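If you read the sequence shown in the UniProt record's numbering, its first letter stands for residue 1, the second for the next number, and so on.
Glycine included, C-beta positions come from ideal geometry on N, C-alpha and C.
Note that the coordinates shown come from a computational prediction; the quantities given were computed from them, not determined experimentally.
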Amino acid sequence: MTESAPKAKYRSDYQSPSHTITDVNLTFDLHETQTRVTAISQVKQMANETTLTLDGEGIELVQISVNGQVWQDYAQTDTGLAIHNLPEEFELAIENIISPSTNTALEGLYISDGAYCTQCEAEGFRRITYFLDRPDVLAKYTTKVIADKESFPYLLSNGNKIEEGQLENGKHFVAWEDPHPKPSYLFALVAGDFDVLRDKYTTRSGRDVALEIFVDKGNLDRANHAMVSLINSMKWDEERFGLEYDLDIYMIVAVDFFNMGAMENKGLNVFNSKFVLANDQTATDTDYLGIEAVIGHEYFHNWTGNRVTCRDWFQLSLKEGLTVFRDQEFSSDLGSRSVNRINNVRIIRGPQFAEDASPMSHPIRPDKVIEMNNFYTLTVYEKGSEVIRMMHTLLGEDKFQAGMKLYFERHDGTAATCENFVAAMEDASGIDLNQFRLWYSQSGTPTVSVTEQYDEAAYTYTLSVKQTTPATQDQAEKQALHIPFDVELYDEQGKVFELQRNGELCGNVLNITESEQSFVFENISSKPVPSMLREFSAPVRLNFEYSDEQLAFLMIHARNDFAKWDAGQMLLAKYIKSNVEAVQKGANVELPELVVDAFRGVVLNSELEPAFIAEALSLPSFNEVAGWYETVDVDAVCDVLKGIKLALASELQDEMSALYHTLAQADYTIEHAAIGKRSLRNLCLQYLVNVPEYAHLAKDQYQSANNMTDTIAAMSAANSASLTFREEIMSDYSEKWSHDGLVMDKWFALQGANPSKDALVNVKACMSHKAFSLSNPNRTRSLIGSFLNMNPRRFHDKSGKGYQFAGEILTQLNESNPQVASRLIDPLLKLKKYDSERQALITLELEKLKGLDNLAKDLFEKVTKALES
Ligand code: B3K
Ligand code: ZN
């Protein structure tokens, strides 16, 4: 860095704004390189301050006027504008120029495949005009958009359409008014030519809402599922949370160039086309479920995010953790609760725990930020949702909903804090959340270690619990948290004991509040098998010395599917760990009969849902396993995961092949039962292809598939088992789909994850594929992201070539799109997890990045933290 290093902001430095803007009237005269923006704001002093400091970046100022007079008394800086000697209340008019077509960072106003669109969260509005670009300044927006009518027939912004008309030179305009005051990050504008899917929804109080989904021309047949999901979301929020939509129109625009999943702009969501477009020939079941979840998520933000927004960006989890909790509940109410829970828990135990242990470790409410975009993390979102879920567990649904109601009564139309949310939950329920609040400020993953003691004379069973949270890079000292710990005790027949403590019946959820604590259960007539941390009642690691027999017992007898699954995962974990040690000593991977039989039992249990069986038979990811070790032996872990897969495949081939054939379905439907059957069938395929006589199944399935789920499953099986016909079916797919980037993303992702020796050479070759472009975030994430995250053996190759490749790509993206670069760098931040040679090689790449003279603050923040680790 040649310029001065970027500065951190601290949560403790929050100051309310010196001024507020009550109304803003925007006009956009769209042009590729010379878009003219006029912003007329009604400004009010909030403190005794006659200078107004506005945020603004990368924009060209034309003129400032105050109350109709041209104003010269101002100073421009790199980050904005200071306007001096202002009256208490005034009208401020600012005219400036921006260049959407050269905006490759995709933040602010940019062009995606010929259409103009915006992305303002977190701090993109300041790339559109000079403004108080902070979430605690809420203004009413009116927006007029002007553009050529033929090329841009649709001109959209937030709120309701109030005017439209014809202008000279083939131009036209549309004006929009949003009656709800909002922060600038929720502003949106879209201009383009689209196909539109229209529907309508009548809210339960009788408001008619027009629903419009805008997609690229020719894609109308891929928008249906998004519409169904939107209608389901609107209905679900009324039924479960009592929340209705509040405008006459709800628009969703799908664009191909987008840095993340989607954006909840008031009344005008902008979506990555990945989370809108689907039909059975182009999208997998996972895509369909992703669309449902993301459409739900953005819709639910209308209350949790938009009606009540964040006071400052340190409070991001206020809206994100809560909205993730809501979208998880939505998916669970509509589909399989246990499968949803399992998948959410995999994310926490895998990448979120890894983030907690990395140089980027931070609490769900961070204290220190250099680039806000770096904090849209698994910790803020997913762990944030776990924190809301713990409150839900502690309060129960009724009191939790009472807390939500009070939260809206108190804070609707304002910018609030995480503390405001907890206070509403506490006040509405009468439950003390004082110690619980620590989850907002303490980072890291707690470990709960449990030992048991059975007293057969006294009929008492004692669980002694110890909690510790290891120090993290951001925080050395840790305190004891309030951990809801859900427990069940089983007798030998698999019946649950009623839980009694201190002579009284008690619930399943124990409150762990101290570093060491004992819970004594009475009237336990035989030594029980404990099922603990049921439903993953807290985001912690559990330590308990289960015997293999106890885990196999829970896999059969636990009363809920999640606990069954978890027992299976713990059994696998034991044998992954022991096999890693064995492999390091040169031995082969082995699984005892008890383990194989436990999984055979799951495969043969026709009472279990197919979707659940598929989860129960899925091994933990490399990344999750890596998190169990201080230093991970990449090759040994890869060998063991592969070895266990082969062992289970060879032992269970008869049962799996029978299942594979029974589960064949004639027609494709996206009902949950059908999805479950496909996922189990395709899981069987993943195992079976490792047995030579079944390898042909992947090719047969590729050739006969009538839907994308089965096509991709076949390709993925051939890819991960490196089957001889892998090349052939990969080329066939690429010929068929090379015109469609979104469909090719699945192919790029398989190329990235290809376990073969020449994976890196292939990945580099794929970058010249006509469907690939480093300027498209989806393509980049699919190919490069999967190589970095899903191909541990090749990315961490001892030669260092994988790291070097990452360094080269990051250097390019640092200039064109820092946000995408900053996501991509994450695996390099975890350098301390690897042996000293690999650490040295990664350090070399990080040092090179640090030396770049134009290093963006996004990468600066991460690179410096990693090098300090
Ligand atoms: N709120 C947006 C994320 C914005 C990310 C900015 N880098 C999408 C969401 O969480 O719903
Ligand atoms: Zn969100």
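Cβ neighbours of VAL763 within its own chain (closer than 7 Å, five residues either side excluded): GLN751, GLY752, LEU783, PHE787. In the DSSP secondary-structure assignment, ILE512 is bridged to ILE483. Listed in chain order, the alpha helix (DSSP H) runs fully inside the stretch 636-715 are 672-688, 696-704, counting runs of at least 4 residues. If you compare the alpha carbons of HIS301, ALA47, GLN42 with that of GLY68, the shortest gap goes to GLN42. Within the model, the alpha-carbon separation for ILE613 versus GLY568 is close to 11 Å. In terms of Cα proximity to LYS140, the closest of ALA147, LYS149, GLU123, GLY159 is GLY159. Cβ contact annotation for ASN706 (same chain, cutoff 7 Å, sequence separation greater than five): TYR668, in chain order. Leaving aside the five residues that flank VAL540 on each side, the residues in its chain whose CB is nearer than 8 Å to its CB run, in chain order, THR445, PRO446, THR447, VAL448, GLN467, ILE483, LEU533. Taken in chain order, the complete beta strand (DSSP E) segments of 3 residues or longer contained in the stretch 12-91 are 19-29, 35-45, 52-55, 60-66, 74-76, 80-83.
Counted as a single uninterrupted DSSP element, the beta strand (DSSP E) harbouring HIS172 occupies residues 171-182.
Beta bridge pairing from DSSP links LYS368 with TYR10. Uninterrupted alpha helix (DSSP H) stretches at least 4 residues long and entirely within the stretch 805-843 occur at 818-824, 826-829, given in chain order. For PRO530, the uninterrupted beta strand (DSSP E) run begins and ends at 529-532, by DSSP. Relative to the ligand B3K, the beta carbon of ALA649 is positioned no closer than 8 Å to any heavy atom. About 11 Å separates the beta carbon of PHE275 from that of GLY296, a gap too long to meet the 8 Å contact definition. The beta-bridge partner set that DSSP reports for ASN96 consists of VAL37, LEU61. GLU163 has ALA175 as its beta-bridge partners, per DSSP.
When rounded, the separation of the alpha-carbon atoms in ALA293 and THR304 is 15 Å. Fully enclosed alpha helix (DSSP H) runs of no fewer than 4 residues occupy 285-300 of the stretch 255-307, in order along the chain.
Closer than 8 Å to some heavy atom of the ligand ZN: that does not describe the Cβ of LYS274. ALA115: member of the beta strand (DSSP E) spanning 115-119, first to last residue. Close CB contacts of LEU841 within its chain, under the 7 Å cut and outside five residues either way in sequence, are with GLY800, TYR803 (chain order). The stretch 260-273 and the stretch 111-126 touch, with no fewer than 3 CB-CB distances between them shorter than 8 Å.
Taking C-beta separations shorter than 8 Å and ignoring five residues to either side along the sequence, the partners of LEU648 in its chain run LEU591, VAL596, PHE599, LEU617, TYR687, following chain order. When secondary structure is reduced to three states using DSSP, THR202 falls in the strand class. Taking a contact to require three or more Cβ pairs closer than 8 Å, the stretch 498-517 and the stretch 476-490 qualify as touching.
With a 10 Å radius around the Cβ and a threshold of 16 neighbouring Cβ atoms, LEU155 comes out buried.
ILE83 places its beta carbon less than 9 Å from that of ASP73. At the C-beta level, PHE131 and ASP78 stay beyond 9 Å of one another.
When the alpha-carbon of VAL145 is set against those of GLN166, ALA713, PHE241, the nearest one is in GLN166. In this structure, TYR440 lies away from ASN420, with their beta-carbon atoms at least 9 Å apart. In this structure, the straight-line span from the alpha carbon of THR282 to that of MET708 is close to 6 Å. Per DSSP, the unbroken beta strand (DSSP E) holding TYR141 starts and ends at 139-148. Take LYS383, set aside five residues on each side of it, and the residues of its chain with a beta-carbon closer than 6 Å to its own are GLN352, ILE364, PRO539, in chain order. In the pairwise beta carbon analysis, the stretch 6-13 is classified as touching the stretch 368-384: at least three pairs are separated by under 8 Å. Proximity of the stretch 323-343 to the stretch 424-435 falls short of the contact definition, fewer than three beta-carbon pairs being nearer than 8 Å.
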